[in-house]
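Numbering (UniProt numbering), first residue to last: 1 to 568.
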Ligand SMILES: Nc1ncnc2c1ncn2[C@@H]1O[C@H](COP(=O)(O)OP(=O)(O)OP(=O)(O)O)[C@@H](O)[C@H]1O
């Protein structure tokens, strides 16, 4: 229980920052509910009193009834209920949207502080779930879990005090029964539904993964004739999820029936006690009707509570996932910067990197020094650690041991603006936006002219191809650049990089997927563009070396260990 509270705490604190909104919202709900109950009670009283007065007059008994005050009261409560409900909806929806913005802002802040290893450690759909489903669950917390039980308690006290004016015994009965019901629909419902609702979130997540896999790997599954096999796995999970959902539904239905049964019995008991008071001439008949109608109407305050509290486990699952982000993200925003004049030499000192959940280090004791403005090549077989080293040099990963300095600063301590300004990296995985060629290029330099775009396209030998496209630079590249070949996409990414003016450049396999003649042309363009920049090429094969003019250093990575090679 304490652990659960500890997990919820940071998010509750965030929600509580808006406590004024919380109190005003709760007050508006309370006004709406009380106006509804007053309308019901007063109408019951008025109808009964009118009927009794009518009967008395018919029987020739002198009787009178002031119809103006209760009539006015009924109109007043009817209007109050409508207006209060309208304002309450506006106000509380505004609060929910404000909280949504608070939560998204905080979670997005955590995401931006995660390093490459953590970001790549989970699926994109999981990150999306955190930003959408998990936050929505927390967002519902305010309007479903925090406000309604508070208002219900306030309602119980108000109604009991009101009824106590005429019928103290009825008031005690109502306060006792409603208090017990309150405990059942909140604490008991939360405990009883905790594990199935927690499981529901876990099931939904695994089903989402499986279905995404089924769609993404559809071609493979069909060509290996395994689609049916995979569908059966999904069906198995789905069946489990249904069983759990039914369990949750049954529990919710049982609590709802309990609430209906107990509140029904309470109405009968109120009728009985009030009738007793009537026979003892302690109250009039209209008061009896009013008390019974109020007891009937008070159930409304509990209707939504069991369903919300049964899902506390789902909120907890969301909170736990979001809390993982807090513990993984860096505590401070790095702020170091590099000066424009500084010569940006790269130096590593016993650099080691060990990914979590792997036995062998990806980099171990890497030592090298690349003077400012010089070029180097680091070769290595697949899995030797080239991309990992590039990520550490870029400051996208923090070394487990040792350190790297660029221009005298630790890259991971540089502000993101400084890194973006001074460093550039061509990664193996190219990310293109689902927009035009020009827009994709201008991601690197929004103010680049068309002439500048043509120039960099020429440098990567894409200009001829773009010229013969009917829409030229305005041609759409499709989602993830699917309308381009792999080699074209990489060349477009390289062209994009050349629109910037970085001092340090890392090029991970710049010639992958490119034919020999084109590679030669690109190498010549790079040779020109890299003048006065510090650059490291990361390539698989030493036979790419003749494509790398100006390279003065050659290191080789083997299973994370770096050794110096002679350049021939
Ligand atoms: N996010 C990660 N989590 C765990 N291990 C990782 C991660 N990224 C890489 N590795 C491991 O680290 C080692 C080095 O990988 P890396 O991608 O740096 O090699 P590489 O030389 O760039 O390979 P390639 O040329 O095939 O891209 C490999 O054993 C790889 O399995």
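All residues carry an ideal CB built from backbone N, CA and C; glycine is no exception.
Keep in mind it's a predicted model, so treat the numbers as computed, not measured.
- Its chain contains 115, 116 as the residues whose beta carbon lies nearer than 7 angstroms to that of residue 396, once the 5 sequence neighbours on both sides are disregarded; these appear in chain order.
- Under the criterion of beta carbons closer than 8 angstroms, residue 290 and residue 45 qualify as touching, at roughly 4 angstroms.
- The beta-carbon separation of residue 354 and residue 367, rounded to 17 angstroms, does not stay under the 8 angstroms limit for a contact.
- Ranked by Cα distance from residue 373, the options 361, 393, 346 are led by 346.
- Distances between the C-beta of residue 354 and the heavy atoms of ligand 1 are all 7 angstroms or more.
- Looking only at 71, 23, 21, 59, the smallest Cα-Cα distance to residue 39 is reached by 71.
- Relative to the Cα of residue 201, the nearest Cα in the group 247, 253, 35, 133 belongs to 133.
- Beyond the five residues adjoining it in sequence on each side, residue 66 comes within less than 8 angstroms, by CB distance, of no other residue in the same chain.
- With 16 or more other Cβ atoms inside 10 Å of its own Cβ, residue 364 counts as buried.
- The nearest non-hydrogen atom of ligand 1 is less than 7 angstroms from the C-beta of residue 120.
- Secondary structure in the region 404-428: the alpha helix (DSSP H) runs of 4 residues or longer, each lying completely within the stretch, are 416-422 in chain order.
- Selection 229, 376, 164, 536 evaluated against residue 283 yields 164 as nearest (Cα-Cα).
- Taking 7 angstroms as the cut-off, the C-beta of residue 395 does not count as close to any heavy atom of ligand 1.
- In this structure, ligand 1 has no non-hydrogen atom nearer than 7 angstroms to the beta-carbon of residue 197.
- Put simply, of 398, 371, 69 the residue whose alpha carbon is nearest the alpha carbon of residue 50 is 69.
- Put simply, the region 444-459 does not touch the region 476-487. Fewer than three CB pairs are less than 8 angstroms apart.
- Residue pairing from DSSP places residue 380 in a beta bridge opposite 557.
- Residue 380 has its Cβ nearer than 7 angstroms to a heavy atom of ligand 1.
- For residue 386, the CB falls within less than 7 angstroms of some heavy atom of ligand 1.
- The residue from 417, 463, 376 with its alpha-carbon nearest to that of residue 506 is 376.
- Of the residues 28, 103, 135, 131, the one whose Cα lies closest to the Cα of residue 83 is 28.
- In the DSSP assignment, residue 209 falls within the unbroken alpha helix (DSSP H) covering 189-216.
- Leaving aside the five residues that flank residue 295 on each side, the residues in its chain whose CB is nearer than 7 angstroms to its CB run, in chain order, 174, 266, 267, 270.
- The Cβ atoms of residue 243 and residue 210 lie no closer than 8 angstroms to each other.
- Three or more Cβ pairs closer than 8 angstroms define a contact, and the region 488-498 meets that threshold against the region 420-428.
- DSSP places residue 552 within a strand segment (E or B) once states are collapsed to three.
- As computed with DSSP, residue 347 is found in a beta bridge with 369, 405.
- In this chain, residue 399 is not harboured by any beta strand (DSSP E), its DSSP state being neither H nor E.
- With a threshold of 7 angstroms, the Cβ atom of residue 422 does not count as near ligand 1, since no heavy atom of the ligand is closer than that.
- Beyond the five residues adjoining it in sequence on each side, residue 462 comes within less than 8 angstroms, by CB distance, of 488, 491, 492, 495 in the same chain, given in chain order.
- Of the candidates 42, 4, 475, 42 places its Cα closest to the Cα of residue 77.
- Rounded to the nearest whole angstrom, the CA to CA distance from residue 112 to residue 190 is 34 angstroms.
- A distance of 8 angstroms or more separates the beta carbons of residue 178 and residue 259.
- Just so you know, the alpha carbons of residue 382 and residue 556 end up roughly 12 angstroms apart.
- Proximity to residue 511 across 531, 532, 540 peaks at 540, based on C-alpha coordinates.
- The beta carbon of residue 564 sits closer than 7 angstroms to those of 555, all from its chain and outside the five residues before and after it, given in chain order.
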